[in-house]
Amino acid sequence: PRGDALLLTNPEGFWISDLAGKRDLVLATDTLPASPRYAPVAWSPDGQQVYFTYASRTQWERGLVRYDRASRAMQSLAKDGRLYQGFRLARSGDLLVFSSGEGNRPTDLHVADASMGGMRRLTNANPWLVTRTLARTELLTYRDMDGRTRYGVMYLPPSGPPTGPRPTLFNVYEDFFDDTFDATVNVLVSNGYVVVKPSVAFETGYPGEAWLKGVTAAANALIDRGIADSARLGVFGTSYGGYATNLLITQTNRFKAAANTSGKVDFISFYTDSPRLGVRNVHAAEKSQDRIGATLWQQPQKYVAHSAIMYADRITTPLLLLTGEQDSNVPAGNTREMYYALRRLGKDVTWVNYMNSGHGIPGTNAAEFTDYHDRLLSFFGRHLQGGGSDRVVEATSLLGEPLYRTAMPGATREAQEAEFADARRAWEHAPQDADSIIWYGRRTAYLGRFNDAIRIYTDGIALHPTDARLYRHRGHRYLSTRQVDLAIRDLEKAASLVRGTKDTMEPAGQPNARNIPTGTLQSNIWYHLGLGYYLSGDFPNALRAYREDLKVATNPDMQVATRYWLYMTLRRLGRDGEAAQVLRPVTKDMEILENGAYHKLLLLNKGELAVGDVLTNFGAQGNQQDVTTAFGVASYHLYNGRRAEGEAILARILEAKSQWASFGFLSAEAEMARLRRGERASGKP
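As numbered in the working numbering, residues 255 to 939 make up the sequence shown, in order.
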């Protein structure tokens, strides 16, 4: 800054040179793969200090260091697992502005003093992400086929380690190390995949071999660890990664599906093209990223060897090609060559060209961005999960498994879709009306579109922040999607909003045979809140909620449902005497319209019915009442010391996938998770 020194770099490290040419070594570096990486950020205004970013290459440790010329010492200002980027030092030299965030989260703008003290966030660019559960990341260490240590990033289900081998997608490019946020990867993980970003070691002149060695070695490591299903491996990449994807599937048939976004397939036509004025592709091929190391005329065989189009006949992997018509980096026409080649060869190939988009993932407009991800999900779902575009993951179970949107029988679906269409029209006519919003959300949820319903309620809350009904319904669907903490938050908010107000009947969305509503707003708030606490293992708060619920349970249906969960909670707390008192008012002659399963379960626990009287019809295709009953019988066995019988019924419940949104299924997941953790079935956990 004072014009008296330069910061220089060479393979040995970073140097400061004065005007006379005297050099001092600031930071010694080397090119070993395990060595930390440094990059200069800024001089201090007085020219006495130089800032560098720091990044370990063996663990997730990143930050900022500062070299002081007077003491010739390097000072560590920040080293932790956060992501840091974009450092700027104020002209006054007393403030640093930068972007930072946790792993696999979008970064936000932060400010700190010149020594990284007093760091605070300035922006919250994505507040809506608090309602989303993103992938969990883990640093992958493995050896490639040459025995060298390599690193990669695994994006895993948020609930914990996979319970068995999963369909696994490899997102390829060059080296991957940091657990940065990736929207596409999070979409894929939320739909049941493990996604891995492996690293490869390149050798000039032979880039194609690098992916085969690096990616297949990573796949082997994950298969050995029981994470990846060897029969359900996929690969995808963008730009250079798309080129790598196409080249990889000409060399191996291990991958059952592949997607190439904006990746070249013909090196020869690419080499002789100039997609932008003043830009030629020859440099990339000869000396830069493509690493051929020679001209086309010096080593023509290498250009042929690295053109996937020349080996299209070897491809057996179904391929999805995605291009942007406005792409000036890799023209869509280059990728298109592979489409026509594979069509001629009778291979499985699909090509999608986005007319408004350029290089990479379409982002010109929301429609193309959404369509791109829908097509990825449909394509990989068809080839790796046995499903199609209707196989949509709505949630991740409490046991870490994907839960897919359930297909309804034809007549039922037609009726539900007709009611949904009516609700949508009413909402379009009055989009700010709270009742219209609620019914639009409810009808959406009845189609199994729980996350869409949550978004509808969220928009409604922005318009009506004091309407308890919106929090009540969103809380219900947070339970459906296993976002239990968010459900509790919403339902506590709803409870606070109705405190001291007159209770009202809640119209039934799916009426009983006599078309008589049985629930009230307040009873449903407390009922769902109690379930949220029960699922989370907070039984004292579940007890509080169910006792409040009992105060507003004004009809037999509400009474038996509330009394059942109150009984279950007291048994959980080891308060068996109080639990028995809950059963006393329950009689066989109660007039029950909807909650017959809860009624029978209470009589079972009271000793007035036997298991055979209650559990009469249940299997993998059980309905909601069957699942509710089965969970109650499983709990009955567990509370009475018959763990084997209880676990067997829980396992049967978890086979009834069509009922995963029911509270019986959800409770069975929570119970099975507790049993796997070794908690007791009765008494305090």
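Where a beta carbon is used, it is the ideal one built from N, C-alpha and C, also for glycine.
Exercise for the section: Identify whether residue 266 lies in helix, strand or coil by the three-state DSSP scheme. Expected result: The count along the sequence shown starts at 1 and reaches residue 266 at position 12. Reduced to three states, the DSSP call for residue 266 is coil.
Practice task
Could you tell me whether the Cβ atoms of residue 817 and residue 785 are closer together than 8 Å?
Solution key: Against the sequence shown, residue 817 aligns to sequence position 563. Against the sequence shown, residue 785 aligns to sequence position 531. Between residue 817 and residue 785, the C-beta gap is not smaller than 8 Å, which leaves the two residues out of contact.
Handout entry: Cβ-Cβ distance between residue 283 and residue 292 below 8 Å
Key = For this step, residue 283 is matched to residue 29 along the sequence shown. For this step, residue 292 is matched to residue 38 along the sequence shown. Closer than 8 Å, so yes.
Handout entry: Sequence-distant residues of its chain with Cβ nearer than 7 Å to residue 392 (five each side left out)
Key = On the sequence shown, position 138 is the one that residue 392 refers to. Closer than 7 Å at the Cβ level, and outside the excluded window around residue 392, lie 408, 410.
Practice task
Mind checking which residues open and close the alpha helix (DSSP H) that includes residue 704?
Solution key: As a first step, residue 704 is located in the sequence shown; it is residue number 450 there, counting from the start. Residues 704-717.
Practice task
Go through its chain and collect everything with a Cβ distance to residue 641's Cβ below 8 Å, but skip five positions before and after it.
Solution key: Against the sequence shown, residue 641 aligns to sequence position 387. Since pLDDT at residue 641 reaches only 45, below the 50 mark, its modelled position is unreliable, and the value read off the structure follows with that caveat. Within the same chain, and ignoring the five residues on either side of residue 641 in sequence, the residues whose Cβ sits closer than 8 Å to its Cβ are 635, 658.
Practice task
Give every residue of the same chain whose Cβ lies closer than 7 Å to the Cβ of residue 727, excluding the five residues on either side of it in the sequence, and list them in chain order.
Solution key: One-based indexing of the sequence shown puts residue 727 at position 473. For residue 727, where only same-chain residues beyond five positions count, the Cβ hits under 7 Å are 692, 695, 696, 711.
Practice task
Would you mind reading off the limits of the beta strand (DSSP E) that contains residue 794?
Solution key: Taking the first residue of the sequence shown as position 1, residue 794 is located at position 540. Segment 793-806 is the alpha helix (DSSP H) holding residue 794; no beta strand (DSSP E) there.
Practice task
Go through its chain and collect everything with a Cβ distance to residue 614's Cβ below 7 Å, but skip five positions before and after it.
Solution key: To locate residue 614, count along the sequence shown from 1; it is residue 360. Excluding residues up to 5 positions away in sequence, 492, 493, 515, 516 lie with their Cβ nearer than 7 Å to the Cβ of residue 614 in the same chain.
Practice task
Buried or exposed for residue 619, please, with buried defined as at least 16 other CB atoms from any protein chain shown within 10 angstroms of its CB.
Solution key: What you label residue 619 is simply residue 365 of the sequence shown in a count that begins at 1. That one is exposed.
Problem - residue 574, DSSP secondary structure in three states - result: As a position in the sequence shown, residue 574 is number 320, starting the count at 1. Strand at residue 574.
Practice task
Confirm the yes/no value for this check: CB of residue 485, any heavy atom of the ligand MN, distance under 7 Å.
Solution key: In terms of ligand content, the structure shown is empty, and the ligand MN therefore cannot be addressed.
Handout entry: Whole-angstrom distance between residue 741 and residue 751, CA atom to CA atom
Key = Here residue 751 refers to the residue found at position 497 when the sequence shown is read from its first residue. Here residue 741 refers to the residue found at position 487 when the sequence shown is read from its first residue. CA-to-CA, the gap between residue 751 and residue 741 works out to about 15 Å.
Handout entry: residue 201 vs residue 295 beta-carbon contact at 8 Å
Key = Because residue 201 is not part of the residues shown, which for the chain are 255 to 939, the question remains open.
Problem - Residues of its chain near residue 341, where Cβ-Cβ distance is below 8 Å and the 5 sequence neighbours each way are ignored - result: Translated into positions along the sequence shown, residue 341 becomes position 87. Closer than 8 Å at Cβ, skipping near neighbours: 295, 296, 305, 307, 318, 350, 351, 352.
Exercise for the section: Can you grab the Cα-Cα spacing for the pair residue 541 / residue 555, in whole Å? Expected result: Position 287 of the sequence shown, counting from 1, holds the residue named residue 541. Position 301 of the sequence shown, counting from 1, holds the residue named residue 555. The alpha-carbon atoms of residue 541 and residue 555 are separated by roughly 17 Å.
Exercise for the section: Output the boundary residues of the alpha helix (DSSP H) element that contains residue 589. Expected result: On the sequence shown, position 335 is the one that residue 589 refers to. Where residue 589 is concerned, the enclosing alpha helix (DSSP H) stretches over 586-598.
Practice task
Count the other CB atoms, across all protein chains shown, that sit within 10 Å of the CB of residue 551; report buried if there are 16 or more and exposed otherwise.
Solution key: Residue mapping note: residue 551 aligns to position 297 of the sequence shown, counting from 1. Burial call: exposed.
Practice task
Could you tell me how far apart the beta carbons of residue 631 and residue 445 are, in whole angstroms, since I believe they sit closer than 8 Å?
Solution key: Taking the sequence shown and counting its residues from 1, the one referred to as residue 631 is at position 377. Taking the sequence shown and counting its residues from 1, the one referred to as residue 445 is at position 191. That pair is a contact at about 6 Å.
Practice task
On the DSSP bridge assignment, give the partners of residue 305 in chain order.
Solution key: Position 51 of the sequence shown, counted from the start, is the residue given in the question as residue 305. The secondary-structure analysis by DSSP pairs residue 305 across a beta bridge with 296, 320.
Practice task
Spell out the partners DSSP gives residue 291 in its beta bridges.
Solution key: Here residue 291 refers to the residue found at position 37 of the sequence shown. The secondary-structure analysis by DSSP pairs residue 291 across a beta bridge with 309.
Problem - At least three beta-carbon pairs within less than 8 Å, the segment 495-510 to the segment 424-435 - result: With the cut-off at 8 Å, the segment 495-510 and the segment 424-435 touch.
Exercise for the section: Determine, using beta carbons only, whether residue 316 and residue 337 come nearer to each other than 8 Å. Expected result: Along the sequence shown, one-based indexing puts residue 316 at 62. Along the sequence shown, one-based indexing puts residue 337 at 83. With contacts defined by Cβ atoms closer than 8 Å, residue 316 and residue 337 form a contacting pair.
Exercise for the section: Could you tell me the boundaries of the alpha helix (DSSP H) in which residue 727 lies? Expected result: On the sequence shown, position 473 is the one that residue 727 refers to. It spans 722-734 - the alpha helix (DSSP H) in which residue 727 sits, taken as one unbroken run.
Practice task
Please classify residue 592: is it buried, with 16 or more other beta-carbons within 10 angstroms of its beta-carbon, or exposed?
Solution key: Stepping through the sequence shown from its first residue, residue 592 is reached at position 338. Buried, because 16 or more other Cβ atoms sit within 10 Å of the Cβ of residue 592.
Problem - In chain order, each alpha helix (DSSP H) run of at least 4 residues that lies wholly inside the segment 606-681 - result: Taking only runs of at least 4 residues, the alpha helix (DSSP H) segments lying wholly in the segment 606-681 are 620-634.
Handout entry: Start-to-end residues for the beta strand (DSSP E) that takes in residue 515
Key = Locating residue 515 in the sequence shown gives position 261, counting from the first residue. It spans 511-515 - the beta strand (DSSP E) in which residue 515 sits, taken as one unbroken run.
Practice task
Return the bridge partner residues of residue 425 from the DSSP annotation.
Solution key: As a first step, residue 425 must be located in the sequence shown, where it is residue number 171. As a beta-bridge residue in DSSP terms, residue 425 pairs with 490.
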